[in-house]
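Everything in the sequence shown is counted per the UniProt record's numbering, starting at 1 for the first residue and increasing by one. Cβ coordinates follow ideal geometry from the N, Cα and C atoms, glycine included. What you are looking at is a predicted structure, and each value in this text was computed from that prediction instead of being measured. These notes concern the structure reproduced below.
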Amino acid sequence: MLIAATASVSISRAVTVARLMSLLSSLRTQARASGRIRLISTSPHIINIPTADVYRFGAASDPIFRHVSWTVNEGEHWAVLAAANEKDDFFQMLLGHRRISPHPPPPGLYPGLSKVESEFPASLVSFANRRRSGGAFYDYTARYGAVQDQDRITLRQHMFPETIDPYGGIPEILRAPGWEKTVDVVANLSPQKRALFESLVQQMGLAAFLDIPLIALSNGQTRRARILKAIWGQPQLLLLDEPLTGLDVDARPKLLDTLHNLRTPRVILGLRKHDVVPDWITHLAFLRGTTVKTGSKEEILADGSLGAAAQATSTPITPPRIGEMVADLQNVSVKYEDRQILKNINWQIRQGERWHLQGANGSGKTTLLALLTGDHPQSYTQKHLRLFGRPRPRIATPQLQSLIGVVSPEMFDAFPRRAGMLVRDVVGTGFDGTFVTRGKHGVGTGIMQNLSEQDVEWRVQRREEVVFALQPSAGFGEREFVDLGVGEQRIVLLMRALVGRPQLVLLDEVWSGMDESMVDNAKRYLREGGGVNDEQAVVVITHWEQEVPWSAADGLKRIRLDQRAPETTVQKPEALQ
Ligand SMILES: Nc1ncnc2c1ncn2[C@@H]1O[C@H](COP(=O)(O)OP(=O)(O)OP(=O)(O)O)[C@@H](O)[C@H]1O
1 MLIAATASVS
11 ISRAVTVARL
21 MSLLSSLRTQ
31 ARASGRIRLI
41 STSPHIINIP
51 TADVYRFGAA
61 SDPIFRHVSW
71 TVNEGEHWAV
81 LAAANEKDDF
91 FQMLLGHRRI
101 SPHPPPPGLY
111 PGLSKVESEF
121 PASLVSFANR
131 RRSGGAFYDY
141 TARYGAVQDQ
151 DRITLRQHMF
161 PETIDPYGGI
171 PEILRAPGWE
181 KTVDVVANLS
191 PQKRALFESL
201 VQQMGLAAFL
211 DIPLIALSNG
221 QTRRARILKA
231 IWGQPQLLLL
241 DEPLTGLDVD
251 ARPKLLDTLH
261 NLRTPRVILG
271 LRKHDVVPDW
281 ITHLAFLRGT
291 TVKTGSKEEI
301 LADGSLGAAA
311 QATSTPITPP
321 RIGEMVADLQ
331 NVSVKYEDRQ
341 ILKNINWQIR
351 QGERWHLQGA
361 NGSGKTTLLA
371 LLTGDHPQSY
381 TQKHLRLFGR
391 PRPRIATPQL
401 QSLIGVVSPE
411 MFDAFPRRAG
421 MLVRDVVGTG
431 FDGTFVTRGK
441 HGVGTGIMQN
451 LSEQDVEWRV
461 QRREEVVFAL
471 QPSAGFGERE
481 FVDLGVGEQR
491 IVLLMRALVG
501 RPQLVLLDEV
511 WSGMDESMVD
521 NAKRYLREGG
531 GVNDEQAVVV
541 ITHWEQEVPW
551 SAADGLKRIR
561 LDQRAPETTV
571 QKPEALQ
């Protein structure tokens, strides 16, 4: 559904934003005066494509977009509404990675922008299409242990890489408490630059995290840090694809305010078709297949032919039967040196229960899940953490991996992308929770290597069933995992998490990058299509209520981690039902 939203802007925020605006514009004037920015044209167009088709480079192929006719003028605020792979192609076109034919006449695609470094002065930060390649699995659980020296790069150092010794990693001086030298870099900026830095950091809610190792930042904090770094780099055009993904409800309006008020970089947002369109967006590009429709927001939103998908209606279901306890946490706490992350968490999860785990960015949701999966070293030292009826230390990690199905951003990044590994191979690894294909039919060998013929047969059949139920297109099981779009890869990892009917299913930000039809289909499969049954418990983590497949009427329970103070992050769970 396409909805225009009204953002509420507090007076104090408006003042900060106004200050930010004036700082940015005076810095730009200075840069122009110093000759660093050279304007080559006085054209009002930022982007100009009179009429053209767009192709992938390489072998002759059909156009990916036909009859594109698009101009963007200074002062307009644009968003691109599209499925993840279409958005990716569109942004890649703007980065010069797709062929525009005929190429826009001189002075080219960006007539109103200066050419500072290259012909394409745009940069892209994408949260929808962040592909990792490479066949190796990397250990994402490293983050939960003591941070190693080589991982000690802090957010502040990341922002000012000149403080890192290129030959020896981080110089000794930077490891001293206080990180004096890095702090000096900020102190030595011009007053205007320093004020800009501080105001951006404040706006992005990152002030308390500047001197924390990057590896220790939560997902939402990391995403905000990537956007901060991109803005600080001052490209002339910043393409931000699904920037609200993974951000909590407080962070979203702050980020949108910041983006709205930037003069440089100019921002083009990428949104999913069912996302809320910020009220300050003035123009939309709507992509469907090879068609690109551009115009004012009102015009595009009013165009019925664009087929804004109807809201899926949900049929009533019988809430599942509640059974045995699968996880029992009593007074569970996690601390890193002097940082208390979780404190006295009490939570019991039973078969048949459906939970929504809520909490602001950095409140400890991923940390809590890492205790349940046994990935967190502090899972061994809790006084009372029982999983599947046994104390955590008395249950081997491989066994836990076969009893718990997980999809999470960390798992998504870490899963190996081996050439030749097919979708059904990836799904088959879910039975034993491994990352490599094993067993005669690629359905694993069982933890104790004792699968009977019947077990194997059940596994093969179950894999077919899950792939068939969730596949976005026919023949999906035979496609190579590495070649899939991000949303498609995520759906494969969801199939992997569900295939073995594990007693506990953990779904952490599972929908990002997926199309609306894939999300609706998967939600339906989970809620009413037999994707999970009464013997399984499910925990969903998302900042968007509408992304949870179940509602209170279906017996959904909620647990919220409350952040008392941003720097100390003390939480207390609150079972709402
Ligand atoms: N090794 C570490 N050392 C210090 N602090 C850490 C470490 N690992 C995580 N943290 C901190 O723990 C807090 C909780 O992180 P966690 O990833 O669990 O948050 P989250 O609730 O999942 O957030 P998000 O919604 O952004 O995903 C964060 O503030 C993070 O900076």
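So if DSSP puts residue i in a beta bridge, which residue, or which two residues, is it bridged to?
{"i": "residue 359", "result": "561"}
{"i": "residue 294", "result": "285"}
{"i": "residue 336", "result": "339"}
{"i": "residue 508", "result": "541"}
{"i": "residue 53", "result": "101"}
{"i": "residue 48", "result": "71"}
{"i": "residue 389", "result": "Answer by DSSP bridge pairing: none, since residue 389 is not bridged."}
{"i": "residue 325", "result": "350"}
{"i": "residue 126", "result": "241"}
Run through DSSP, which three-state label would residue i get?
{"i": "residue 121", "result": "coil"}
{"i": "residue 351", "result": "coil"}
{"i": "residue 222", "result": "helix"}
{"i": "residue 77", "result": "coil"}
{"i": "residue 411", "result": "helix"}
{"i": "residue 173", "result": "Only weak support exists for where residue 173 lies, its pLDDT of 44 falling under 50; the coordinates are left without a value."}
{"i": "residue 377", "result": "helix"}
{"i": "residue 346", "result": "strand"}
{"i": "residue 533", "result": "coil"}
{"i": "residue 249", "result": "coil"}
{"i": "residue 303", "result": "coil"}
Note down, in chain order, each residue of its chain lying with its Cβ closer than 6 Å to the Cβ of residue i, except the 5 sequence neighbours on either side.
{"i": "residue 300", "result": "284 and 286"}
{"i": "residue 402", "result": "432, 433 and 447"}
{"i": "residue 320", "result": "352 and 534"}
{"i": "residue 201", "result": "207"}
{"i": "residue 258", "result": "203"}
{"i": "residue 397", "result": "374"}
{"i": "residue 93", "result": "54"}
{"i": "residue 371", "result": "379"}
What are the boundary residues of the alpha helix (DSSP H) that includes residue i?
{"i": "residue 211", "result": "Segment: none, residue 211 is in no alpha helix (DSSP H) and carries neither H nor E."}
{"i": "residue 83", "result": "Neither: residue 83 is in no alpha helix (DSSP H) and is coded neither H nor E."}
{"i": "residue 523", "result": "516-528"}
{"i": "residue 158", "result": "155-159"}
{"i": "residue 500", "result": "That residue, residue 500, is in no alpha helix (DSSP H); it is neither H nor E in DSSP."}
{"i": "residue 428", "result": "423-428"}
{"i": "residue 470", "result": "453-470"}
{"i": "residue 196", "result": "191-203"}
{"i": "residue 398", "result": "397-403"}
{"i": "residue 367", "result": "365-372"}
On the DSSP letters alone, give me the boundaries of the beta strand (DSSP E) that residue i sits inside.
{"i": "residue 66", "result": "65-73"}
{"i": "residue 101", "result": "99-101"}
{"i": "residue 267", "result": "266-271"}
{"i": "residue 244", "result": "First-last for residue 244: undefined, no H or E at that position."}
If you compare alpha carbons, which of the options is closest to residue i?
{"i": "residue 282", "options": "72, 61 and 195", "result": "72"}
{"i": "residue 647", "options": "439, 464 and 207", "result": "Any property of residue 647 remains undetermined from this structure, which presents the chain solely from 1 to 577."}
{"i": "residue 280", "options": "113, 221 and 261", "result": "261"}
{"i": "residue 469", "options": "192, 302, 517 and 291", "result": "517"}
{"i": "residue 242", "options": "256, 229 and 232", "result": "256"}
{"i": "residue 65", "options": "82, 74, 473 and 277", "result": "82"}
{"i": "residue 69", "options": "61, 90, 253 and 459", "result": "90"}
{"i": "residue 328", "options": "161, 228 and 384", "result": "384"}
{"i": "residue 341", "options": "425, 191, 367 and 414", "result": "367"}
{"i": "residue 78", "options": "349, 268 and 389", "result": "268"}
{"i": "residue 223", "options": "437, 430, 538 and 361", "result": "361"}
{"i": "residue 528", "options": "550, 519 and 390", "result": "550"}
Return yes when at least one heavy atom of ligand 2 lies under 6 Å from the C-beta of residue i, else no.
{"i": "residue 341", "result": "Inclusion of ligand 2 in the displayed structure is not the case, the ligand content consisting of ligand 1 alone."}
In chain order, what residues of the same chain have a beta carbon less than 8 Å from the beta carbon of residue i, not counting five sequence neighbours either side?
{"i": "residue 34", "result": "Any reading at residue 34 needs caution, since the residue's pLDDT is 45, under 50, leaving its predicted position unreliable; the model's value is listed next. Nothing listed; no residue qualifies."}
{"i": "residue 490", "result": "407, 412, 510, 511, 512, 513 and 514"}
In chain order, what residues of the same chain lie with their CB nearer than 7 Å to the CB of residue i, ignoring the 5 residues before and after it?
{"i": "residue 525", "result": "469, 470 and 531"}
{"i": "residue 190", "result": "none"}
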